[in-house]
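There are 2 protein chains.
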Amino acid sequence: MARKTKEDAELTRQRIITAAREVFVARGVSRTTIEHIASHAEVTRGAVYWHFQNKMEIFHALRDQAFLPFIDQLDAAMLDETTEDPLGTIESFFCDIIRMLSEDLATQQTYEIIMSKCEYVDEFASVLQKILNNCQYFVDKFQLIYERAQLKNQLHPNHNPAALAMDSHLFFSGLLHMWVKDTTSTIFRNNAIQLIKNHMQLRRVS
Amino acid sequence: MARKTKEDAELTRQRIITAAREVFVARGVSRTTIEHIASHAEVTRGAVYWHFQNKMEIFHALRDQAFLPFIDQLDAAMLDETTEDPLGTIESFFCDIIRMLSEDLATQQTYEIIMSKCEYVDEFASVLQKILNNCQYFVDKFQLIYERAQLKNQLHPNHNPAALAMDSHLFFSGLLHMWVKDTTSTIFRNNAIQLIKNHMQLRRVS
DNA sequence: GTTTACATACATTCATGTTTGTATATAATA
DNA sequence: TATTATATACAAACATGAATGTATGTAAAC
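For the record, the sequence lines run as chains A and B.
Here the numbering used here is used: the first residue of the first sequence is 1, the next is one more, and so on.
Here the numbering used here is used: the first residue of the second sequence is 207, the next is one more, and so on.
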């Protein structure tokens, strides 16, 4: 057909990414073909191959869109170093992420893809490692906050920040997996906030 | 070729399952072909199709081999109702599973497949639901044990068994994911036992 | 003799990547 | 400003290479 303007081109690029997300969720990454994505985006494979080299490049575009917000969220939460309630900072961070997932279908689908509709082999194995690196980043930040909490006497004397940080990370990691994967029941979707509060309550001196 | 005895046939069946596990780990479920499995098992596709209808049936055979031991393990751990240390029961259960994973490569690979080398769509979606059902089973059992712990005055007075059970499940779920997925670093593999002890220590009255 | 436990051959479908064609936006030039 | 040249944003066709399932063959077990 005809050549589009730059804006139109960027628009179809986004259309392709959105279509990919929706098809990935429904059919899994490796079972969706370029043709599936193209037809769902109402373009031809030619358009897809013009914007992306292959399927993995589309996947990366998707992943990038979903990861940055989380890191930004944590960095923002870390900024307030003088809060009287560091434990509240962590709690809010967890709750905010859950709320983001609840409200933004796109992010929700992207995480569903990352956690249960993608096989981490070959080129995708590196994606997994990047995710794990992010985890380490999170744990480190959590520890810093827990150290602040310790200074404010929010913690039991025999709890130590490093252990708490790792424990919280594992808790939230588990929660995320359940929240995202359990699409049939609503146990986790409805109670996630309460579970987070319970988790943090275990840490507070009473 | 020639017909084998029943024992021989069962042996090749097992060979196929083992081969499938090893190929699944390396290439992911959907990217491995029946031919990959067959050649790795040193048979032809004919043999595979004789024993299994398709790839998913092999996957199910694999999954069954890995799940039952865990449930048995928990059931066994639950048997001793009169122990003075219920928290120790949970701790041992977690540690035993980690040890099982460490020692048994087959189980380890199977979990790697289930957690990061398989896409849960279509026929596989039901597998995910079965796993989640198992989780509920675990949480329920944990709660029972935490109730025993409460009776033995092992818990803080303001902790309640249901919340602790869910929190422990999410913790261990997260730990399992990290343990299995983090194949390059050894942080989780080396420290899992300690992380479990830390987690349980958060619950004990000091 | 019949069924079993496969191996081999066949037919079909599907997905990929590449190539080619083309109409038009945009930059260059006059 | 009008004209020309070129790069862009695709669509359509092509070539190739799997992968699947099935059908057939076969030798030995029972």
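Where is the CB? At the ideal position from N, CA and C, for every residue including glycine.
Going along chain A, which residues have a C-beta under 9 Å from residue i?
i: Leu350 of chain B; result: In chain order: nothing, as chain A lies at least about 18 Å away.
i: Ser332 of chain B; result: Residues of chain A passing the Cβ test: none, with the nearest at roughly 10 Å.
Below 7 Å on C-beta distance, what does residue i contact in chain A?
i: Val235 of chain B; result: Glu119
i: Asn404 of chain B; result: Ala163, Asp167
Taking only beta-carbon positions, decide if residue i is within less than 8 Å of chain B.
i: Gln129 of chain A; result: yes
i: His36 of chain A; result: no
i: Leu195 of chain A; result: yes
i: Leu74 of chain A; result: no
Whole-angstrom Cβ separation of residue i and residue j, contact assumed at under 8 Å?
i: Gln143 of chain A; j: Leu87 of chain A; result: About 13 Å separates the two Cβ atoms, so there is no contact after all.
i: Phe94 of chain A; j: Ile196 of chain A; result: 5 Å
i: Ile145 of chain A; j: Ile90 of chain A; result: 6 Å
i: Asn198 of chain A; j: Asp373 of chain B; result: 6 Å
i: His383 of chain B; j: His177 of chain A; result: 6 Å
For a contact defined as C-beta to C-beta under 8 Å, what are the partners of residue i on chain A?
i: Ser322 of chain B; result: Glu119, Tyr120, Leu128
i: Leu311 of chain B; result: Within chain A, no residue comes near Leu311 of chain B; the closest Cβ sits about 18 Å away, beyond 8 Å.
At a CB-CB cut-off below 7 Å, which residues of chain B make contact with residue i?
i: Leu132 of chain A; result: Lys387, Asp388
Can you grab the Cα-Cα spacing for the pair residue i / residue j, in whole Å?
i: Gln109 of chain A; j: Thr18 of chain A; result: 10 Å
i: Leu101 of chain A; j: Trp179 of chain A; result: 9 Å
i: Arg148 of chain A; j: Gln201 of chain A; result: 17 Å
i: Asp388 of chain B; j: Ser39 of chain A; result: 37 Å
i: Met115 of chain A; j: Leu170 of chain A; result: 15 Å
i: Gln53 of chain A; j: Glu325 of chain B; result: 23 Å
i: Ile113 of chain A; j: Phe394 of chain B; result: 24 Å
i: Arg233 of chain B; j: Phe265 of chain B; result: 14 Å
i: Arg31 of chain A; j: Arg209 of chain B; result: 37 Å
i: Glu10 of chain A; j: Lys130 of chain A; result: 27 Å
i: Phe172 of chain A; j: Leu68 of chain A; result: 18 Å
i: Thr33 of chain A; j: Glu241 of chain B; result: 21 Å
i: Asp80 of chain A; j: Ala331 of chain B; result: 43 Å
i: Val229 of chain B; j: Glu248 of chain B; result: 13 Å
Indicate whether at least one CB of chain A lies closer than 8 Å to the CB of residue i.
i: His365 of chain B; result: yes
i: Leu361 of chain B; result: no
i: Leu408 of chain B; result: yes
Practice prompt. For the region 376-393 of chain B, enumerate the residues whose C-beta is nearer than 9 Å to any C-beta of chain A, in chain order.
Written response: Leu376, Phe377, Phe378, Ser379, Gly380, Leu381, Leu382, His383, Met384, Lys387, Asp388, Thr389, Thr390, Ser391, Ile393
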